[in-house]
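Asker: My numbering puts the first residue of the sequence shown at 1, with every later residue one more than the last. Beta carbons: idealized from backbone N, C-alpha and C, even for Gly. Below you will find the structure I want to go over with you.
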Amino acid sequence: MSLKKDSSPKLKVIQSGSGNVEEFDLPLSMTLRELKGRLEGSKKMGRIQVRHQRIFFMGRELKTSGRSLDKLGVGALGVNVLHLHSRKPRPAVRQDE
Numbered sequence: 001m002s003l004k005k006d007s008s009p010k011l012k013v014i015q016s017g018s019g020n021v022e023e024f025d026l027p028l029s030m031t032l033r034e035l036k037g038r039l040e041g042s043k044k045m046g047r048i049q050v051r052h053q054r055i056f057f058m059g060r061e062l063k064t065s066g067r068s069l070d071k072l073g074v075g076a077l078g079v080n081v082l083h084l085h086s087r088k089p090r091p092a093v094r095q096d097e
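Right under this line is the structure:
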């Protein structure tokens, strides 16, 4: 059974570090840029700004923001799991002497 291009499979996004998981019903025709915008608004994922997001699929980073998820291979072989990594700098911790 194959998915139609206009179908909206459940995409599971796992945030590295925290292990937070969120599922989205999104069409594979959505661009990576649009997905990052959706993740930026996600309270569960910590509202990470688009510029700080790195998205991985099957071990490789997805970098072409204007391409659709389908064209980037998401959903291939029935795999709909993405990993979100944040490049957001952590606040400096002061150490009093």
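Under a three-way DSSP split, which group does Met-1 fall into?
Answerer: Low confidence applies to Met-1: its pLDDT is 41, below 50, so where it sits in the model is not reliable enough to give any reading.
Asker: Using only the alpha-carbon positions, how far apart do Ser-42 and Val-13 sit?
Answerer: One C-alpha to the other measures close to 11 Å.
Asker: What first and last residue would you give for the beta strand (DSSP E) that runs through Lys-99?
Answerer: A query on residue 99 cannot be resolved here, the shown segment of the chain reaching from 1 to 97 and no further.
Asker: Buried or exposed for Lys-36, please, with buried defined as at least 16 other CB atoms from any protein chain shown within 10 angstroms of its CB.
Answerer: The residue is buried, with at least 16 neighbouring Cβ atoms inside 10 Å.
Asker: Candidates Gln-15, Gly-19 and Glu-23: which alpha carbon is nearest Ser-8's?
Answerer: The shortest Cα separation from Ser-8 among Gln-15, Gly-19 and Glu-23 belongs to Glu-23.
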